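A short worksheet on the structure shown next.
2 protein chains.
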Amino acid sequence: MGWLAWERYRCDIDCKNDPKNCISEKLFIDMADRLFEDGWKELGYVYVNIDDCWSSMERDKDGRLQPDPNRFPGGIQRLARYMHDRGLKLGIYGDMGTHTCGGYPGTTLDKIEIDAQTFANWEVDMFKFDGCYSNAVEQELGYPLMSKALNATGRPIGYSCSWPAYQGGLPPKVNYTQLGQICNLWRNYGDIQDSWNSVLSIVDWFFENQDVLATAAAPGRWNDPDMLVIGDFGLSMEQSRSQMALWAIMAAPLFMSNDLRTISSGAQSILQNKMIISINQDPLGIQGRRILKEKVGIEVFWRPLSNNASALVFFSRRTDMPYRYKTSLSKLNYTTGSYKFTDVYTGKTDVLKDSTEFVVSVNPTGVVMWYVSAPGKLKYHPFLRGGKLHGPAYDAEENNFPRVFL
Amino acid sequence: MGWLAWERYRCDIDCKNDPKNCISEKLFIDMADRLFEDGWKELGYVYVNIDDCWSSMERDKDGRLQPDPNRFPGGIQRLARYMHDRGLKLGIYGDMGTHTCGGYPGTTLDKIEIDAQTFANWEVDMFKFDGCYSNAVEQELGYPLMSKALNATGRPIGYSCSWPAYQGGLPPKVNYTQLGQICNLWRNYGDIQDSWNSVLSIVDWFFENQDVLATAAAPGRWNDPDMLVIGDFGLSMEQSRSQMALWAIMAAPLFMSNDLRTISSGAQSILQNKMIISINQDPLGIQGRRILKEKVGIEVFWRPLSNNASALVFFSRRTDMPYRYKTSLSKLNYTTGSYKFTDVYTGKTDVLKDSTEFVVSVNPTGVVMWYVSAPGKLKYHPFLRGGKLHGPAYDAEENNFPRVFL
């Protein structure tokens, strides 16, 4: 959880005319100050991550990457310490290839060790390894090599791999078992843009491929559907609530890319919703699934959580008016019993029998999201009963939960 | 200007389960109360317009349309008087055809006179005539006949024709000269939905066809790109500002379709922006145009206004980050001189020479909109100079400005 520069600030290096928004140490210090002072850090948003266009166009005389001297006059290590002094962490970016996507020096195979060591020397906490300007063979060598090189530094550095996104995101080209062994998170799909169409295309792809993707995820190894664009320009409040809810269902890393200096209170309250964050960060780390697609444009998503609980999201793809969706927990394959639920956005709570019909009013492009406390024992097989719900049975036993959380 | 039920409330007739939102006299009274009490009326939002699904499924024993007795127990005339008592106006809906789009009784050719007289008897102020369940020949007879029938009642009734939307919206199928003679406004294109894609498709169509459409518009006869969905669920604040700005450039009728009982203060302040409303309602009634499409995704729109003034809109189709667009008034074909401009959303004012280069930062899917006071004499021919701007010269002299404003 944290903040990542790319979606909102791209490769803006025009510090002369756009000093507030250019990629410079000032931008990252500004965001760190906001994370520290505005209640973000306590909620878990601790990473401040640099993306492309931070470096000088030349390596130094010893072949090491170096930051642009005008935009990062204090250097990366001082920036890392600024984060650490405030209980925050610093992330940085590189590219497995001859150049970064923005045209800055890349990390070719022969530079992997020196770059990993440079980042460790700078006391960096996370590293995103992009894949422009390399081919599949180089990537197949480079991404595991970087994993080894990072581990060899002895410094814990979260490792974000763009590799699968460059290979179409799906087996057989992508080996998720291997990715889980070498990366902490990985970008499976294209870059997010500041638009609802972009969010929808990501949601579509991830849930259409949920059988492959959900089993790849576990604590310490996560699918990454890309940044939260909540607080930017393209999403309505409903759509912002939907991105937050669906990213929580997906157990997605939560990296905001927005302007924390000017964010609206509405967007901030969505991003700081404690119950959704706790669902997103649930220690079981099981990635949720879409369990129903209704012809009327309502879809239901479900994620099993610790403490016998679960999360439900009712999502509307409609563009007309609020839709009154009638269902029951038993229709959603909850087993017999009474359940307490809390609407995570309104705070409303109630108790429902599995058989009780209820209506949720779902706004166009919006969600209703519930945290559901189960009555009885842990129940990982809600798909085993009827033929109505799609997707195979989820087998929690096939997951193991190694390593640290991101 | 006013409020129209369709986009937000559709054909919701379920007053048992959804009493606040169903099509009933209560809904229109609620909206009238809001228009009256929350500052809308003073700004010009005076119409409260019923759309489809208001009527009984049967005509009465004398062949007259009658409202659904359960949902409109007080009848339409009482509702009209409720509006009039508050300085508001009531609009109603019918369909040139065997049935309305929602399946209610339509107005076939033989019913046109009786229905026009019924509406006049009820003291209705506006009438939208939809076109489901009729063919082109019937429409060609029916729309002019209804115009005559409405005029024959002696009551001033604004006449909104859906006719051109059923004929593709363009000549030769559509005769805009005739439409201007018989209708006060007309729907040229498909229904708006609560989504940015829908707004964009409307903007695209209207400005791609601006040469045909702009010359059809004048006071008392307007192209209608459909309702404002600001305050609903699908548009971000930026996109809401864009719809308002572009509808003002188009000299579009401003009919909101939203819930005035629960609208956010942000949406309300956009809809109640006095300067944009005055631009929209400018007495010259000249429909504006897109004057530039830049490859980088910035478009510039321009509308000539009374008092030697004009409106400029800088619009971004980008979905990445704010774009710093550099231009000058002379590049936008303003003639030599100094101009005062006011940013209609921020209130910022400044003076610019035509030759002065300036930068506007336009947010993704957002606008910057200026009210520009011209220095010298009225200047209707900004397209005559360079070859860079597209669209033919605008000839104000070919417009005449008959009849009442809507």
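Going down the list, the protein sequences come from chains A and B.
Heads up: the first sequence is residues 1 to 406, going by our numbering.
Heads up: the second sequence is residues 1001 to 1406, going by our numbering.
Note that CB positions come from ideal geometry on N, CA and C, so glycine has one too.
All values reported here derive from a predicted model rather than from experimental measurement.
Check, Outcome
"Pull out every residue of the segment 359 to 371 of chain A whose Cβ sits closer than 8 Å to any Cβ of chain B, in chain order.", "Val-359, Asn-363, Pro-364, Thr-365, Gly-366"
"Assuming Arg-8 (chain A) and Asn-209 (chain A) make a contact with CB atoms under 8 Å, what is their CB distance in whole Å?", "No, Arg-8 (chain A) and Asn-209 (chain A) are not in contact; Cβ-Cβ is about 27 Å, not under 8 Å."
"Tell me the rounded alpha-carbon separation between Arg-81 (chain A) and Ile-157 (chain A).", "15 Å"
"Does the segment 1275 to 1289 of chain B touch the segment 1321 to 1328 of chain B, meaning 3 or more C-beta pairs lie closer than 8 Å?", "no"
"Taking the alpha-carbon positions, what's the Tyr-1323 (chain B) to Arg-78 (chain A) distance?", "31 Å"
"Buried or exposed for Lys-377 (chain A), going by 16 or more other Cβ atoms inside 10 Å?", "Note that Lys-377 (chain A) has pLDDT 43, beneath the 50 cutoff, so the model's placement of it is unreliable and the number below is only indicative. The residue is exposed, with fewer than 16 neighbouring Cβ atoms inside 10 Å."
"Compile a chain-ordered list of the residues in the segment 2 to 26 of chain A whose CB is closer than 9 Å to at least one CB of chain B.", "Glu-7, Arg-8, Tyr-9, Arg-10, Asp-12, Asp-14, Asn-17, Asp-18, Asn-21"
"Give the single residue among A:Asp-224, A:Ser-240, A:Tyr-176, A:Tyr-166 whose Cα lies nearest to the Cα of Ser-195 (chain A).", "A:Ser-240"
"Please list the partners that Ser-947 (chain B) has in chain A, where partner means a Cβ-to-Cβ separation under 7 Å.", "The requested residue 947 (chain B) does not occur in the structure, where chain B is confined to residues 1001 to 1406."
"Give the residues from the segment 295 to 326 of chain A that approach chain B closer than 8 Å (Cβ to any Cβ), ordered along the chain.", "Thr-319, Asp-320, Met-321, Pro-322, Arg-324"
"Measure the beta-carbon distance from Ile-1092 (chain B) to Phe-1127 (chain B) and round it to whole angstroms, keeping in mind my assumption that it falls under 8 Å.", "6 Å"
"Does DSSP put Glu-299 (chain A) in a helix, in a strand, or in coil?", "strand"
"Which residues mark the beginning and the end of the beta strand (DSSP E) in which Gly-1094 (chain B) is found?", "1089 to 1095"
"Just tell me which of B:Lys-1173, B:Gly-1154, B:Gln-1272, B:Leu-1235 has its CA closest to the CA of Val-1212 (chain B).", "B:Lys-1173"
"Quick one: Cα of Val-1229 (chain B) to Cα of Asp-38 (chain A), how far?", "33 Å"
"For Met-1001 (chain B), is the beta carbon positioned less than 7 Å from some heavy atom of the ligand NAP?", "Judged by which ligands are present, the structure shown has none, so any question about the ligand NAP falls away."
"Excluding five sequence neighbours on each side, which residues of the same chain lie with their C-beta closer than 6 Å to the C-beta of Val-359 (chain A)?", "Arg-324, Lys-326"
"Between Leu-235 (chain A) and chain B, is there a C-beta pair that is closer than 8 Å?", "yes"
"Assuming contact is defined by CB atoms lying nearer than 8 Å, are Gln-193 (chain A) and Asp-1320 (chain B) in contact in what I supplied?", "yes"
"Quick one, which of B:Gly-1131, B:Cys-1132, B:Asp-1125 has its alpha-carbon nearest Met-1083 (chain B)'s?", "B:Asp-1125"
"Any chance the segment 293 to 301 of chain A sits against the segment 263 to 273 of chain A, with 3 or more Cβ pairs inside 8 Å?", "no"
"Identify the contact partners of Glu-1357 (chain B) in chain A, using a Cβ-Cβ distance below 9 Å as the criterion.", "Neighbours of Glu-1357 (chain B) on chain A: none; closest Cβ ~12 Å, over 9 Å."
"Tell me, to the nearest whole angstrom, how far the beta carbon of Arg-1206 (chain B) is from that of Met-1250 (chain B); I am working on the premise that it is less than 8 Å.", "The residue asked about is misnamed: residue 1206 (chain B) is Phe in this sequence, not Arg. Going by Cβ atoms, the distance from Phe-1206 (chain B) to Met-1250 (chain B) rounds to 6 Å, so yes, they are a contact pair."
"Does Asp-1226 (chain B) come within less than 8 Å of chain A when only Cβ atoms are used?", "no"
"Take Glu-113 (chain A) as the anchor and find which of A:Gly-97, A:Lys-148, A:Thr-336 has the nearest alpha-carbon.", "A:Lys-148"
"Select from A:Asp-282, A:Arg-303, A:Phe-233, A:Asn-280 the residue whose C-alpha is nearest the C-alpha of Arg-289 (chain A).", "A:Arg-303"
"Can you grab the Cα-Cα spacing for the pair Tyr-1189 (chain B) / Tyr-1047 (chain B), in whole Å?", "22 Å"
"Using the rule of at least 16 other Cβ atoms within 10 Å of the residue's Cβ for burial, across every protein chain shown, is Lys-20 (chain A) buried or exposed?", "exposed"
"Taking just the CA atoms, how far does Val-1344 (chain B) sit from Gly-976 (chain B)?", "Only positions 1001 to 1406 of chain B appear in the structure, and residue 976 (chain B) is not among them; the question remains open."
"Indicate whether at least one CB of chain B lies closer than 8 Å to the CB of Gln-281 (chain A).", "no"
"Verify the CB distance criterion: does Glu-1138 (chain B) have a CB-CB separation below 8 Å to chain A?", "no"
"Closer than 9 Å between beta carbons: that is the criterion. Which residues of the segment 176 to 198 of chain A meet it against chain B?", "Gln-193, Asp-194, Ser-195, Trp-196, Asn-197, Ser-198"
"Identify whether Tyr-1159 (chain B) lies in helix, strand or coil by the three-state DSSP scheme.", "strand"
"Starting from Val-1362 (chain B), trace the beta strand (DSSP E) in both directions and tell me its first and last residue.", "1358 to 1362"
"I believe Gly-97 (chain A) touches Ser-134 (chain A) by the beta-carbon criterion, under 8 Å. Please report the beta-carbon distance rounded to the nearest angstrom.", "3 Å"
"Taking buried to mean at least 16 other C-beta atoms within 10 Å of its own C-beta, is Gly-1102 (chain B) buried or exposed?", "buried"
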